[in-house]
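All letters in the sequence shown, in the order written, are residues 20 to 358 by the numbering used here.
What follows is a set of notes on a single structure, which appears directly below.
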Amino acid sequence: MHEQALIDTANALVVDGKGILAADESTGTIKKRLDSIGVESTEKTRQTYRNLLFTADGAQDFISGVILFEETLFQQADDGTPFPKLLADQGVIPGIKVDKGAKPLAGSPEEKVTEGLDGLRERLAEYAAAGARFAKWRGVIDIADDQPTDYCIHVNAHALARYAALCQEAGIVPIVEPEVLMDGANSIERCEEVTDRVLDAVFAELKKQNVMLEGMLLKPNMVIAGKQCPQQAGVEQVAQATLRCLKRRVPSAVPGIVFLSGGQSDELATAHLDAMNRMGPQPWKLSFSYGRALQAPALAAWGGKDENIAAAQQAYLKRARNNGAAARGEYSADMEQAA
Ligand code: 13P
Numbered sequence: 020m021h022e023q024a025l026i027d028t029a030n031a032l033v034v035d036g037k038g039i040l041a042a043d044e045s046t047g048t049i050k051k052r053l054d055s056i057g058v059e060s061t062e063k064t065r066q067t068y069r070n071l072l073f074t075a076d077g078a079q080d081f082i083s084g085v086i087l088f089e090e091t092l093f094q095q096a097d098d099g100t101p102f103p104k105l106l107a108d109q110g111v112i113p114g115i116k117v118d119k120g121a122k123p124l125a126g127s128p129e130e131k132v133t134e135g136l137d138g139l140r141e142r143l144a145e146y147a148a149a150g151a152r153f154a155k156w157r158g159v160i161d162i163a164d165d166q167p168t169d170y171c172i173h174v175n176a177h178a179l180a181r182y183a184a185l186c187q188e189a190g191i192v193p194i195v196e197p198e199v200l201m202d203g204a205n206s207i208e209r210c211e212e213v214t215d216r217v218l219d220a221v222f223a224e225l226k227k228q229n230v231m232l233e234g235m236l237l238k239p240n241m242v243i244a245g246k247q248c249p250q251q252a253g254v255e256q257v258a259q260a261t262l263r264c265l266k267r268r269v270p271s272a273v274p275g276i277v278f279l280s281g282g283q284s285d286e287l288a289t290a291h292l293d294a295m296n297r298m299g300p301q302p303w304k305l306s307f308s309y310g311r312a313l314q315a316p317a318l319a320a321w322g323g324k325d326e327n328i329a330a331a332q333q334a335y336l337k338r339a340r341n342n343g344a345a346a347r348g349e350y351s352a353d354m355e356q357a358a
């Protein structure tokens with residue numbers, strides 16, 4: 020195995036003050052994002068938008084890696100440079116989303132299981148040849164009265180570990196993402212209980228399938244009340260509950276935990292990460308792998324217009340800078356007022 024290279028890449032992704040940009044929206048998801056600003060989703064508009072993000076000068080001071088969607092991995096920047104090379108030339112590590120999405124789970128169709136294992140070994144070889152050095156696979160766990168079932172947790176954990184083992188065989192660092200959704204009406208206590216069950220199952224499967232913990236990253240949800248829950252927890256409470264849950268379940272051999280934002284507001288996602296780092300030192304690096312919380316203001320500022328590209332890049336840089344500060348526990352709300 021490529022042990023040392025995997026360890027080095029995993030650690031480089033969580034180097035001090037940096038985190039990951041998740042720009043790996045599938046064709047369906049990026050269409051929703053572009054629809055929201057009145058831009059038609061075509062291969063060209065998707066390229067233009069990703070080009071805007073990846074050429075924002077200065078982002079490399081806060082962004083260690085970018086997760087790409089397959090289409091983007093094989094696209095070029097405006098100047099003809101393949102996107103993975105453009106990023107690598109800035110010292111940013113290119114990554115690739117390799118799952119094929121969450122599909123209804125046979126036998127429990129209200130729940131989901133992530134597909135994409137068939138042919139994954141061959142796809143990983145192609146992605147590595149195109150420059151990808153890390154990967155992502157997202158399992159989706161919904162909270163409802165009688166969900167998640169143990170069955171759903173088990174099959175998603177099993178698939179995450181299968182994916183992770185295949186990645187490491189290919190010399191690619193797996194980001195293991197079991198996402199407990201934040202959309203429901205559940206309490207923060209219920210989120211903690213479910214996240215605990217999920218992480219317990221995921222690390223049991225990773226162990227059974229001989230995944231090297233030192234050469235992977237975990238991408239979890241934070242422990243938070245569902246969006247529909249009238250009782251929202253404060254920043255300190257979210258930070259404490261998330262840390263308590265992670266400390267019980269995530270071995271210290273894992274070099275880093277990079278959170279998803281999951282629909283939290285941009286500033287709250289930053290404040291939560293900052294609060295956890297201020298409660299440190301922790302057994303692992305704590306950083307971000309945000310999609311919406313890094314991109315939402317940039318997308319809105321762009322609006323599909325060339326004349327807004329510079330403003331959109333500034334909006335993205337601001338989120339990158341503030342989250343970089345949060346990864347060090349050095350963020351303050353004043354930073355939101357800065358130009
Ligand atoms: P959000 O930060 O928007 O949740 O996206 C992160 C991600 O990659 C989800 O898979």
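The beta-carbon is built from N, C-alpha and C at its ideal position, and this holds for glycine as well.
If distances are taken between C-alpha atoms only, which option among the options comes closest to residue i?
i: residue 223; options: 199, 84, 176, 162; result: 176
i: residue 351; options: 196, 296, 30; result: 296
i: residue 227; options: 200, 202, 269, 180; result: 180
i: residue 231; options: 185, 48, 74, 321; result: 185
i: residue 151; options: 67, 104, 172, 271; result: 104
i: residue 261; options: 145, 307, 325, 291; result: 291
i: residue 287; options: 333, 341, 335; result: 341
i: residue 269; options: 120, 214, 349; result: 214
i: residue 79; options: 72, 109, 71, 192; result: 109
i: residue 218; options: 253, 273, 206, 164; result: 273
i: residue 188; options: 170, 139, 174; result: 139
i: residue 300; options: 283, 35, 27, 126; result: 35
i: residue 73; options: 94, 53, 60; result: 94
i: residue 202; options: 173, 243, 234; result: 243
Taking DSSP as the reference, what is the three-state secondary structure of residue i?
i: residue 347; result: coil
i: residue 324; result: coil
i: residue 90; result: helix
i: residue 244; result: coil
i: residue 330; result: helix
i: residue 62; result: helix
i: residue 200; result: coil
i: residue 195; result: strand
i: residue 234; result: helix
i: residue 56; result: coil
i: residue 252; result: coil
i: residue 95; result: strand
Heavy atom of the ligand 13P less than 8 angstroms from the Cβ of residue i, yes or no?
i: residue 268; result: no
i: residue 318; result: no
i: residue 190; result: no
i: residue 92; result: no
i: residue 311; result: yes
i: residue 43; result: yes
i: residue 196; result: yes
i: residue 84; result: no
i: residue 216; result: no
i: residue 1; result: The question about residue 1 has no answer, for the chain in this structure spans 20 to 358.
* **Start-end ranges of the alpha helix (DSSP H) lying completely within the stretch 152 to 185, minimum 4 residues** => Inside the stretch 152 to 185, DSSP marks no whole alpha helix (DSSP H) run of 4 or more residues.
* **Segments assigned alpha helix (DSSP H), at least 4 residues, entirely inside the stretch 262 to 325** => 285 to 297, 311 to 321
* **beta strand (DSSP E) segments (min. 3 residues) lying fully within the stretch 119 to 144** => 121 to 124, 127 to 133
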